[in-house]
Amino acid sequence: MAFLELVNVRKSFGASVAVENFNLAVERGEFVSFLGPSGCGKTTTLRMVAGFEKPTAGRIVIDGVDVTDTPPNRRNIGMVFQSYALFPNMTVADNIGFGLKIARRPADEIRARVEELLRIIHMSEFGRRYPYQLSGGQQQRVALARALAIQPKLLLLDEPLSALDAKIRASLRQEIREIQRQLGITTIYVTHDQEEAMALSDRIVVMSRGRIEQIGTPFEVYNFPATRFVASFVGTLNLLQATVVDAAIGLVSVEGQSIRVARPLTQHRSGDAVSLALRPELIALDGQINSEVNRLSGTVEDVTFLGSIVRVRVRLSANKLHFDLFNNPQLRPPQPGSLITVQFAPEACLVLGEDASPAHPMSASAAQAA
Amino acid sequence: MAFLELVNVRKSFGASVAVENFNLAVERGEFVSFLGPSGCGKTTTLRMVAGFEKPTAGRIVIDGVDVTDTPPNRRNIGMVFQSYALFPNMTVADNIGFGLKIARRPADEIRARVEELLRIIHMSEFGRRYPYQLSGGQQQRVALARALAIQPKLLLLDEPLSALDAKIRASLRQEIREIQRQLGITTIYVTHDQEEAMALSDRIVVMSRGRIEQIGTPFEVYNFPATRFVASFVGTLNLLQATVVDAAIGLVSVEGQSIRVARPLTQHRSGDAVSLALRPELIALDGQINSEVNRLSGTVEDVTFLGSIVRVRVRLSANKLHFDLFNNPQLRPPQPGSLITVQFAPEACLVLGEDASPAHPMSASAAQAA
Amino acid sequence: MLKRFWPWFWFTVGAMYFLVPLYATFDFSLRARRGELSFAAYANVLNDIKFVESFWFSFQTALATIVISALVIVPTAYWVQLRLPRLRPVIEFFTLLPFVVPAVVLVFSLARTYSRTPLTDSREGLWVLLIGSYVILSFPYMYRAVDTGLRSINIHDLTEAAQSLGAGWFTILARVIFPNVYTALLSGAFITFAIVMGEFTIAALLAQPAFGPYMNRLASSRVYEPSALAIISFALTWAAIAAIQWIGQGAQARVAGPR
Amino acid sequence: MLKRFWPWFWFTVGAMYFLVPLYATFDFSLRARRGELSFAAYANVLNDIKFVESFWFSFQTALATIVISALVIVPTAYWVQLRLPRLRPVIEFFTLLPFVVPAVVLVFSLARTYSRTPLTDSREGLWVLLIGSYVILSFPYMYRAVDTGLRSINIHDLTEAAQSLGAGWFTILARVIFPNVYTALLSGAFITFAIVMGEFTIAALLAQPAFGPYMNRLASSRVYEPSALAIISFALTWAAIAAIQWIGQGAQARVAGPR
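Protein chains in written order, with the working numbering: chain C, 1 to 370; chain A, 371 to 740; chain G, 741 to 999; chain B, 1000 to 1258.
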């Protein structure tokens, strides 16, 4: 039996349903992210695990104990908030020791534990400061230490990095991941930032409109999205209008140029209008791949230098195509206005039907990978 | 003569110097970013151009007119703020038309201009809404339209995207760039986000502690940083402890493994301790580059899947090394714990002295590129 | 459910504490005719020409006080917040003065300071002095309301945005600052209104035909009419609050929007 | 420089308007002995046993009012903000009542409502009634101060953080909410203090030996002593403000930190 189980959890506020049919089993020590746009129900689900919201239906089991009706202060759960939520009237050390003080642990033990946690978050010399004397990143590290001080069964993080600058976000992300591994604590992390979810998680739960769209490792979710929503929400995607030429052998046409896909298009018939989905990083300049390839030619419309990556936008006639190159100081990037041919493997192509239903070639791949 | 010129501009607040020795010439229609960490003086400089701060010394010339002593409401400059700063009591249309109304333009003209701008920002149907009814991204687009309505000589943007979510940030960035090109308006953009600066700018002014560190195109600033500060602030960088083996032929040693750099190390002598700087994207798995290469072997310590990119951390003995691979669903990324050999070209290596002064091999490259 | 009980309990106790006396007053005001419930006391009050006169006098005085306060306080509070934030503690101090200096002392001092000037030697002068005193009395409420209103908008960026669009100081005040503190100003104005309508000491000392002294005279000379008067002024207050809520609705929503 | 002139001008006018009468009062208070400046009036005031007694009485009453207000208002305001935000307009309305219902009416109503109960038939009962009235009078200031204080911290997240760390409601109130609204509470408490010390009507109607009635008696029977008394209470206020600033310094900085 899994360490944390959510069984048929449902939450509605009046007439509107926030979360529906939520089933998840998290193993001990696992790091699971809830990923989705705002309003998708990810925070509501986290708050139900924490006990701040009561499920309308369903059960929540932690370590074999049904906690569905347990108040939040009896659940022994560590929580980290976007707003840090440090107690402004207490020093860093008092903040971290707050939970232990409430549990009436001896002063010696509290002091030792606070010192240990200050060491873990690399802030040993900050114990006597007040929260307002710290930067945002430091405050969030203290909030993390405070949540960990009570040795909680579960660590819950609700968009902990959203209020921080890009650079600090990246470094604190790394630090959270390291501390989590070091302590082996089961963790649920809520975010709307797909890169964050992918960088941190063992598994990602992608949510949309109160429902689970897909559960999988970052690699699975990114490379084998189960639904059209997942494909477009996680990462960037080129969507080209295409027509099926021969469904049996997996041949489609984009503006008259033939494209071979890796699998027969069992869901479509010849002549169907479909979307061809391509990740920008799977497209290369002509000549870089040696195996069987597809080619598309067009005009370079825009070149954006992003540092380590150069993003090129190519215009065919009706379609636009982005692709990424690694920066190379010795190589001149393509120039706007020039003609260009790009190539990509048949395996890189995903074919999506024109409706919003799960695209079958993708779920087939996902099933194989899982 | 350039369209906007800042000549020997200096600004001090009491005893502390915010900006010093600032010289910049911006051509008509150019998009220039001021990039640097907070407190580097970039916003103060922008505010002097806008007229909200008076320079302690130096001159500011716009379109041939010295405006150093002109109050801000006579400068005809469009300004966009991080906080949007829309007038809460006015509709979107009234906000956009505010500047024209103050200039006592006829009502017909104002209406036509407001409609045109609403079209440009793709918000034609939002004219009667109030700011509080809009999302952050929409508010900032309205603020941009309001600044453009008066057909300003200069458009100044002060961290306009910092308050927005990652996805909206990226799309609005694109939109700002397109509108700026379409109208050909001379623009100064302040940001602490290096990716933003690189994606948007014709030229970047990198600042630190009130001084200009480097002025150059994104490509120059990223690939040929003039100072150690620029190298470390713009993009990510591996810094490996190395020892000079033979300065004359450009040979250094990293933990006993020999590395050849592209240029002789004229500033160093054999036996000197130096830092070897390497961009993560210029390092490849062994076997991918065919020309003369350097190789380093180590143990894979951590693999982070970031979607389009897989970031691998390799531990040598004392040094750590990050490098990036493009995601490939068909290829298994390297596994933590395995041995790995990476390669990189001699041209990818920058050698930095142990002091903080500008590293000469880099500025030599920069001079060539400029 | 215990955690929900106590707040509600206190809330109810508080409400009772306010409402029971109010009900008792209302009940009492209906008993002017022995043995029956009637609005006789109300009729007596409303038929009294002195009631109408003094009410009208105080009403005008209140409006004048509000307009003058607003014209003085909004630009001052704006400027202090924008450029002189270090003066705020000083102003906060002034804000407390009316609570500390008894009204008696205030008026004696004013009268002594301005004696032998037109301010104390004419009817109009005394009225000006009265309004001046009320501006002081209402200063804490008006200033704090405006100050809070200004804090809820980013006056710094709004000012610079308006400047970059070509606006001068007058335009900024008239088109950006005033409209956006309008709601805050209304709430301060309402308190000012209530204070001026009920104020007794200063009006009496300056021998002004105001509503406060009228109420007090009535309270000491009649039995049921004071209760009726209390209910009437209470009803007028309700009406004023409703009007303010109604006027302020749109403005409030706009200013309180996401930021 | 014109743009800097007007605000300063108004500020100076305002300051003069407050300070000139104060100076005049002070000057007058020194002229108790004909032809010389002396502190005779001050000595007379301070030597009066009634001064000490009534001051002490009102001082105790003020402290009791503040403690009771704080204990009632902080949990109420906290709970309303946390769980019953829709009740806020109702409470805002109660907040205005003391301005609207004249003190005379309030006391008459209270006395009538609670007549024939221990509240009106004993010395202690009347004192409780007095404190009850003052709690109502100070309600707007205390509630608004606490409400503002609560808004400046994120009580929602702080509450949930404390809950997740095992804290119950009492602990949250005592260790998280009270300490963080302490400064706000002080500013409300100070106004309450000033109001209670100066209040006349209610204390007189309930025949309580308070400082307000004492001041008024003195004002109608003596010439120079009232001015001296005004200056003394003014000085006491200054001292109280300074003390509050000093106590509040640390707490203020902590709560007002970056967020």
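Built from N, CA and C at the ideal position, the CB exists for glycine as well.
* Asked: Does the beta-carbon of B:Gln1162 have 16 or more other beta-carbons within 10 angstroms, so that it is buried, or is it exposed?
  -> The residue given as residue 1162 of chain B occupies position 163 in the fourth sequence. It counts as buried.
* Asked: Between C:Asn223 and chain A, is there a C-beta pair that is closer than 7 Å?
  -> Counted from its first residue, the first sequence places residue 223 of chain C at position 223. Output row for C:Asn223: interface = yes.
* Check whether the Cβ of C:Gly78 sits closer than 6 Å to any heavy atom of the ligand MG, and report yes or no. => The ligand MG is not part of this structure, which contains no ligands at all.
* **Rounded C-alpha distance that separates B:Arg1143 from G:Arg884** => Residue mapping note: residue 1143 of chain B aligns to position 144 of the fourth sequence, counting from 1. Residue mapping note: residue 884 of chain G aligns to position 144 of the third sequence, counting from 1. Rounded to whole angstroms, B:Arg1143 to G:Arg884 spans 11 Å at the Cα level.
* **Whole runs of the beta strand (DSSP E) within the stretch 55-83 of chain C, excluding any shorter than 3 residues** => 57-62, 77-80
* Asked: With distances taken from CA atoms, which of C:Ala25, C:Thr91, C:Ala85, C:Leu86 is nearest C:Ile62?
  -> Reading the first sequence from its first residue, position 62 is the one you call residue 62 of chain C. Minimum Cα distance to C:Ile62 is reached at C:Ala25.
* To do: Please confirm if G:Gln992 has its CB atom under 7 Å from at least one CB of chain A.
  => By 1-based counting over the third sequence, the position of residue 992 of chain G is 252. Here G:Gln992 scores only 44 on pLDDT, less than 50, and its place in the model should not be relied on; the value that follows carries that caveat. Not one chain A Cβ lies under 7 Å of G:Gln992.
* Does any CB atom of chain A fall closer than 7 Å to the CB of G:Ala817? -> Counted from its first residue, the third sequence places residue 817 of chain G at position 77. Chain A contact via Cβ: absent.
* Count the other CB atoms within 10 Å of the CB of A:His638; is the residue buried (16 or more) or exposed (fewer)? -> Stepping through the second sequence from its first residue, residue 638 of chain A is reached at position 268. Per the 10 Å Cβ criterion, buried.
* To do: Have a look at G:Met882, G:Pro880, G:Ala979, G:Ile971 and flag the residue whose alpha-carbon is nearest the alpha-carbon of G:Phe766.
  => Counting from one through the third sequence, the residue named residue 766 of chain G turns up at place 26. Checking every option, the nearest Cα to that of G:Phe766 belongs to G:Ile971.
* Are three or more beta carbon pairs between the stretch 204-216 of chain C and the stretch 35-53 of chain C nearer than 8 Å? -> Between the stretch 204-216 of chain C and the stretch 35-53 of chain C, the count of Cβ pairs shorter than 8 Å is three or higher; the stretches touch.
* Can you name, in chain order, every residue of its own chain whose Cβ lies under 8 Å from the Cβ of A:Gly428, other than the five neighbours on each side? -> The sequence position of residue 428 of chain A within the second sequence is 58, counting from 1. Contacts found: Leu376, Val377, Asn378, Val379, Arg380, Phe392, Thr438.
* Is there contact here, the stretch 863-881 of chain G with the stretch 941-959 of chain G, by at least three beta-carbon pairs under 8 Å? -> yes
* Taking C-alpha atoms, which residue in A:Tyr500, A:Ile710, A:Ala533 lies nearest to A:Lys690? -> If you number the second sequence from 1, residue 690 of chain A lands on position 320. Residue A:Ile710 is the option with its Cα nearest to A:Lys690.
* Three-pair Cβ contact test at 8 Å for the stretch 268-279 of chain C versus the stretch 326-333 of chain C -> no
* Examine chain A for any beta-carbon lying closer than 7 Å to the beta-carbon of G:Asn894, and answer yes or no. => Taking the third sequence and counting its residues from 1, one reaches residue 894 of chain G at position 154. Taking Cβ atoms only, chain A reaches closer than 7 Å to G:Asn894, which makes this a yes.
* Considering only the beta carbon of each residue, do B:Thr1064 and B:Thr1182 sit closer than 7 Å? -> One-based indexing of the fourth sequence puts residue 1064 of chain B at position 65. One-based indexing of the fourth sequence puts residue 1182 of chain B at position 183. Going by C-beta atoms, B:Thr1064 is not nearer than 7 Å to B:Thr1182.
* **Completely contained alpha helix (DSSP H) runs for the stretch 1018-1105 of chain B, where each covers 4 or more residues** => Every alpha helix (DSSP H) of 4 residues or more that sits fully in the stretch 1018-1105 of chain B is shown, in chain order, as 1039-1046, 1048-1082, 1087-1099.
* Going along the stretch 278-305 of chain C in order, which residues come within less than 8 Å of chain A, judged by CB to CB distance? -> Hits within the stretch, in order: Arg279, Pro280, Glu281, Leu282, Thr304, Phe305.
* Kindly say whether C:Gly337, judged by its beta-carbon, lies nearer than 7 Å to any beta-carbon of chain A. => On the first sequence, residue 337 of chain C is found 337 positions in, with the first residue counted as 1. No, C:Gly337 does not count as interfacial toward chain A.
* Got a sec: which bits of the stretch 912-929 of chain G sit with their beta carbon under 7 Å from any beta carbon on chain A, in order along the chain? -> Val916, Pro919, Asn920
* **DSSP state of C:Glu5 mapped onto helix, strand, coil** => What you label residue 5 of chain C is simply residue 5 of the first sequence in a count that begins at 1. If DSSP states are grouped into helix, strand and coil, C:Glu5 belongs with the strands.
* **Candidates G:Leu969, G:Val830, G:Thr801, of which the one nearest G:Glu864 by Cα** => For the purposes of this step, residue 864 of chain G is taken as residue 124 along the third sequence, with counting starting at 1. Nearest option by C-alpha distance: G:Thr801.
* Comparing the C-beta of C:Ser83 with each C-beta of chain B, is any distance below 7 Å? -> Taking the first sequence and counting its residues from 1, the one referred to as residue 83 of chain C is at position 83. Yes, contact with chain B.
* With respect to the alpha helix (DSSP H) encompassing C:Gln335, which residues constitute its N-terminal and C-terminal limits? -> The residue you call residue 335 of chain C lines up with position 335 of the first sequence. Element bounds for C:Gln335: n/a, residue is neither H nor E.
* chain A contacts from the stretch 195-222 of chain C (Cβ-Cβ distance under 7 Å) -> Glu195, Met198, Ala199, Pro218, Phe219, Tyr222
* In the DSSP assignment, find the alpha helix (DSSP H) that holds B:Val1134 and state where it starts and stops. => On the fourth sequence, position 135 is the one that residue 1134 of chain B refers to. First-last of the alpha helix (DSSP H) with B:Val1134: 1122-1150.
* Three-state secondary structure (DSSP) of C:Lys101 -> Working through the first sequence from its first residue, we reach residue 101 of chain C at position 101. Of the three classes helix, strand and coil, the one that applies to C:Lys101 here is helix, per DSSP.
* To do: Indicate whether at least one CB of chain G lies closer than 7 Å to the CB of A:Ser727.
  => Sequence index remark: in the second sequence, residue 727 of chain A carries index 357 (1-based). Per-residue confidence for A:Ser727 stands at a pLDDT of 43, beneath the threshold of 50, marking its modelled position as unreliable; the derived number appears in the next sentence. It does not; no Cβ of chain G falls within 7 Å.
* Asked: Should C:Asp66 be labelled buried (16 or more other beta-carbon atoms within 10 Å of its own) or exposed?
  -> For the purposes of this step, residue 66 of chain C is taken as the residue at position 66 of the first sequence. With fewer than 16 Cβ atoms within 10 Å of its Cβ, C:Asp66 is classed as exposed.
* To do: Can you check the stretch 1160-1227 of chain B for any alpha helix (DSSP H) of at least 4 residues that lies completely inside it and give the ranges in chain order?
  => 1177-1197, 1200-1204, 1210-1220
* Thinking just about the alpha-carbon of each residue, which of C:Asn294, C:Phe126, C:Arg146 is nearest to the one in C:Tyr84? -> Working through the first sequence from its first residue, we reach residue 84 of chain C at position 84. When only C-alpha atoms are compared, the closest one is C:Arg146.
* Asked: If we call anything under 7 Å between Cβ atoms a contact, is C:Val114 one with C:Ile102?
  -> Start at 1 with the first residue of the first sequence, and residue 114 of chain C comes out as number 114. Start at 1 with the first residue of the first sequence, and residue 102 of chain C comes out as number 102. Cβ distance not < 7 Å, so C:Val114 and C:Ile102 don't count as in contact.
* Cβ of A:Pro530 within 7 Å of any chain G Cβ -> Within the second sequence, residue 530 of chain A is the residue found at index 160, counting from 1. By this cut-off, A:Pro530 is not an interface position.
* State the DSSP-derived secondary structure class of A:Asn459, mapped to helix, strand or coil. => On the second sequence, position 89 is the one that residue 459 of chain A refers to. When DSSP states are grouped into helix, strand and coil, A:Asn459 belongs to the coil group.
* Leaving out five residues on either side along the sequence, give the residues of the same chain with a beta carbon under 8 Å from the beta carbon of C:Cys40. => Stepping through the first sequence from its first residue, residue 40 of chain C is reached at position 40. Met207, Ser208, Arg209, Gly210, listed in sequence order.
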